[in-house]
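Per numbering that gives the first Met the number 0, residue 0 is the first one in the sequence shown, and the count goes up by one each step. Data block below; observations after.
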Amino acid sequence: MVSYDRHINHVRLFVDGILDSSFLTEGITKTNDSPIYIGGAPYSVDSCDFPFLLDELKIYNLSIGTDQIQSEASASLSGIEPSFIYFGCFHCDMNTAILSCPNNYHLCNKMELYIGVYNVLRKFSLDVNNIILPYSSESNLGIGICCTDI
């Protein structure tokens, strides 16, 4: 899900309810009364060929919050609340992984991985054998996955 709040020029990208990235845009949003085309318009078929699959599309005429975005996506994550996990870093070491967790999050431990984080990783096609665990003696690079403090 991509969320865009035109009033503050804030674009947020959610993948199955999990915030992937966000940034502020510059300038103004130009509106029009033209139809919406996803992936290209009929008049640009020769220059804009972008084949892809889209499960669902919803367009709102108001700003929706993170809670609503996550509530719509929670069923696809096998019962894990989207705000439970945060992808801190990829291909990083232990110290970077620890520092990548925001306030009120920590590196996920094995119990948290087993209660549902593994399912989310598989859904995102991430290597479940390449996770940085807290207090591990291994010095490998991997994925820093943060879980919320409960």
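No residue lacks a Cβ here, since even glycine has one placed at the ideal position from N, Cα and C. All values derive from a computational prediction rather than experimental measurement.
Tell me where the beta strand (DSSP E) around aspartate 15 begins and ends.
Taken as a continuous stretch (DSSP letters only), aspartate 15 belongs to no beta strand (DSSP E), as it is neither H nor E.
In three-state terms, what does DSSP make of aspartate 66?
Helix, per DSSP.
Touching or not, the stretch 105 to 117 and the stretch 126 to 144, by the rule of three or more beta carbon pairs under 8 Å?
Touching, yes.
Would you kindly work out how many angstroms separate the C-alpha atoms of aspartate 92 and aspartate 45, rounded to a whole number?
Near 45 Å, if we compare the C-alpha coordinates of aspartate 45 and aspartate 92.
Go ahead and pull the three-state DSSP assignment for serine 82.
Residue state, collapsed to three classes: helix.
For phenylalanine 22, count neighbouring C-beta atoms within 10 Å of its own C-beta (all shown protein chains included) and say buried if the count is 16 or more, exposed if not.
By the neighbour-count rule (16 or more Cβ atoms within 10 Å), phenylalanine 22 is not buried but exposed.
Just tell me which of Tyr36, Thr65 and Gly78 has its CA closest to the CA of tyrosine 113.
For tyrosine 113, the nearest C-alpha among the options comes from Gly78.
Would you kindly work out how many angstroms separate the C-alpha atoms of proline 50 and glutamate 80, rounded to a whole number?
About 31 Å.
Going by C-alpha distance, which of Ile7, Phe86, Ser99 and Asn139 is nearest threonine 28?
Of the listed residues, the one whose Cα sits closest to threonine 28 is Ile7.
Measure from the C-beta of valine 44 to each C-beta in chain C and report whether the shortest distance is under 8 Å.
The chain labelled as chain C is not found in the depicted structure, where only one protein chain is given.
Pull up the CB-CB distance for leucine 125 and isoleucine 97, whole angstroms please, since I reckon it's below 8 Å.
Not quite, the Cβ-Cβ distance comes to about 19 Å (not below 8 Å), so this is no contact.
Could you have a look at threonine 21 and say whether DSSP puts it in helix, strand or coil?
Reading the sequence as shown, one finds serine at residue 21 and not threonine. Strand.
Would you kindly work out how many angstroms separate the C-alpha atoms of leucine 12 and isoleucine 84, rounded to a whole number?
Near 15 Å, if we compare the C-alpha coordinates of isoleucine 84 and leucine 12.
In whole angstroms, what is the alpha-carbon distance linking cysteine 145 and glutamine 69?
Rounded to whole angstroms, cysteine 145 to glutamine 69 spans 17 Å at the Cα level.
Hey, how far is the Cα of leucine 56 from the Cα of arginine 121?
Distance between the alpha carbons of leucine 56 and arginine 121 is about 23 Å.
Can you tell me whether DSSP reads isoleucine 58 as helix, strand or coil?
If DSSP states are grouped into helix, strand and coil, isoleucine 58 belongs with coil.
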